[in-house]
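Asker:
In my numbering, the protein residues as written are 573 to 921.
1) So who's on the other strand from residue 864, going by DSSP bridges?
2) For residue 753, does the count of other Cβ atoms within 10 angstroms reach 16, so buried, or fall short, so exposed?
3) Please state the DSSP three-state secondary structure of residue 822.
4) Using the Cα positions of residue 624 and residue 743, report the straight-line distance between them to the nearest angstrom.
5) In whole angstroms, what separates the C-alpha of residue 736 from that of residue 710?
6) Just curious, the beta strand (DSSP E) that residue 905 is in, first and last residue?
7) Return the chain-ordered list of same chain residues with a C-beta closer than 7 Å to the C-beta of residue 760, the five sequence neighbours on each side being excluded.
8) Quick one: what does DSSP say residue 789 is sitting in, helix, strand or coil?
9) Output the distance between the C-alpha atoms of residue 602 and residue 611, rounded to the nearest integer angstrom.
10) Between residue 905 and residue 783, what straight-line distance do the alpha-carbon atoms span, to the nearest angstrom?
11) Can you give me the C-alpha to C-alpha distance between residue 772 and residue 893, rounded to a whole angstrom?
12) Counting Cβ pairs, one atom from each stretch, are 3 or more of them under 8 Å apart for the stretch 799-813 and the stretch 854-864?
13) Does the distance from the CB of residue 640 to the CB of residue 670 come in under 7 Å?
14) Could you tell me the boundaries of the beta strand (DSSP E) in which residue 845 lies?
15) Work out the CA separation of residue 795 and residue 808 for me, nearest whole Å.
16) Return the first residue and the last residue of the beta strand (DSSP E) that residue 748 is part of.
17) Give the secondary structure of residue 913 by DSSP, where H, G and I count as helix, E and B as strand, and everything else as coil.
18) Can you grab the Cα-Cα spacing for the pair residue 693 / residue 700, in whole Å?
19) Using beta-carbon positions only, say whether residue 874 and residue 787 come within less than 7 Å of one another.
20) Cβ atoms of residue 615 and residue 684: under 7 Å apart, would you say?
21) So the candidates are 673, 627 and 613; which of them puts its Cα closest to the Cα of residue 654?
22) For residue 633, tell me which candidate among 819, 724 and 776 has the shortest Cα-Cα distance.
23) Alpha carbons only, please: which of 856, 881 and 822 is nearest the one belonging to residue 842?
24) Quick one: what's residue 782 bridged to in DSSP?
25) Just curious, the beta strand (DSSP E) that residue 693 is in, first and last residue?
26) Which partner residues does residue 869 have in the DSSP bridge list?
27) In this structure, what does DSSP give as the bridge partners for residue 924?
28) Roughly how many angstroms lie between the CA atoms of residue 687 and residue 621, to the nearest whole one?
29) In whole angstroms, what is the alpha-carbon distance linking residue 731 and residue 755?
30) Where does residue 829 land, buried or exposed, given buried means 16+ other C-beta within 10 angstroms?
31) Between which residues of its own chain and residue 812 is the CB-CB distance below 6 Å, once the five residues before and five after are set aside?
32) Which same chain residues, not among the five before or five after residue 838, have their C-beta less than 6 Å away from its C-beta?
33) Less than 7 Å separating the beta-carbons of residue 845 and residue 785?
Below, the structure is given as structure tokens:
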């Protein structure tokens with residue numbers, strides 16, 4: 573098979589008037605940017621008069637969508653992810669405000685499930701408030717509606733929802749930074765052990781095999797010394813992409829050292845891991861890697877350890893066994909895999 577040239581970038585990825593048909597555009601903007609700059613609110617109300625009373629104090633600050641009943645509102649929520657807050661009456665045909673609220677809070681879509689919802693009802697409905705809050709309403713407004721009070725409550729809940737959303741984004745970013753290798757975007761060593769322990773615990777409970785593969789780029793220092801560290805980074809990111817493409821979705825691929833990568837293979841025997849390891853070894857050997865100046869050929873050495881076959885009962889010991897076998901692969905000439913300890917004659921090619 574002829575060589576193929578493979579390359580990868582070294583850059584890290586950083587991240588409406590009217591009241592007839594539904595949806596009703598209650599406050600229109602001339603410019604798309606203006607629409608995006610105004611938060612979107614969904615008004616759910618089957619009374620045209622009440623709908624006008626609701627929209628008038630809000631239309632200057634918000635983009636408004638409306639629905640005549642809970643079913644139409646639910647459909648709008650599925651197709652308009654820009655909605656940031658819901659104001660709903662209780663008494664409506666087909667699907668009441670209470671029933672809509674229950675559907676929102678039970679949604680599989682976290683963005684819908686976490687929307688702030690303000691419920692509106694007549695002052696004479698004494699039980700509506702308790703039921704609304706029981707079903708997950710953020711606030712409750714009685715009729716007749718005080719426009720100043722309504723605006724204030726909308727501002728408070730919208731601001732709070734945005735703050736919570738930003739905090740959640742920050743939390744996710746921090747988690748990603750703590751568990752992701754910045755160059756290759758693979759899991760880092762810390763995440764490797766976290767996921768490995770979970771996978772190992774599952775294998776113990778289900779009494780299935782789990783294999784760990786440790787891979788090292790042969791003579792990687794020569795690439796850095798000859799072509800520079802940027803070329804070395806190109807090779808690392810390309811190897812990372814290749815490993816991600818060749819593994820299964822259930823596998824965990826991580827960069828655990830400078831030029832070292834590890835793969836967790838759930839429900840995989842020694843023999844199954846050896847097949848994948850050989851495929852990876854051969855794919856690397858048959859590829860030409862872009863250094864920015866000229867393509868180069870590289871090889872990898874691989875060590876494999878298997879829970880349920882080898883004397884290893886933790887991720888730490890599994891990795892130590894795989895590391896020992898990686899050393900055997902290096903010692904016996906590199907560009908090979910090892911699945912057993914020395915003397916068992918199981919290194920190839």
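Where is the CB? At the ideal position from N, CA and C, for every residue including glycine.
Here the structure is a predicted model, which is why all the values come from computation and not from measurement.
Answerer: The structure says:
1) Per DSSP, none; premise fails for residue 864.
2) buried
3) The answer is coil: DSSP assigns residue 822 none of H, G, I, E or B.
4) 40 Å
5) Across the structure, residue 736 and residue 710 are spaced so that their CA atoms are roughly 14 Å apart.
6) No beta strand (DSSP E) contains residue 905, which DSSP labels as neither H nor E.
7) 751, 752, 753, 826 and 827
8) strand
9) With a pLDDT of only 38 at residue 602, under the threshold of 50, the placement of this residue in the model should not be trusted; the figure read from the coordinates follows. So the two alpha carbons sit approximately 16 Å from each other.
10) 24 Å
11) 15 Å
12) yes
13) no
14) It is not in any beta strand (DSSP E) - residue 845 instead sits in the alpha helix (DSSP H) that spans 842-857.
15) Residue 808 and residue 795 have their C-alpha atoms some 11 Å from each other.
16) Looking at the DSSP string, residue 748 is not in any beta strand (DSSP E); the run it does join, the alpha helix (DSSP H), is 719-751.
17) coil
18) 7 Å
19) yes
20) no
21) 613
22) Nearest C-alpha to residue 633: 724.
23) For residue 842, the closest of 856, 881 and 822 by C-alpha to C-alpha distance is 881.
24) 838 and 879
25) 689-694
26) 860
27) Limits of the chain in this structure are 573 at one end and 921 at the other, which puts residue 924 out of reach.
28) 25 Å
29) 36 Å
30) Residue burial is scored here from C-beta neighbours: residue 829 has fewer than 16 other C-beta atoms within 10 angstroms and is therefore classed as exposed.
31) 756 and 758
32) Closer than 6 Å at Cβ, skipping near neighbours: 771, 782 and 822.
33) yes
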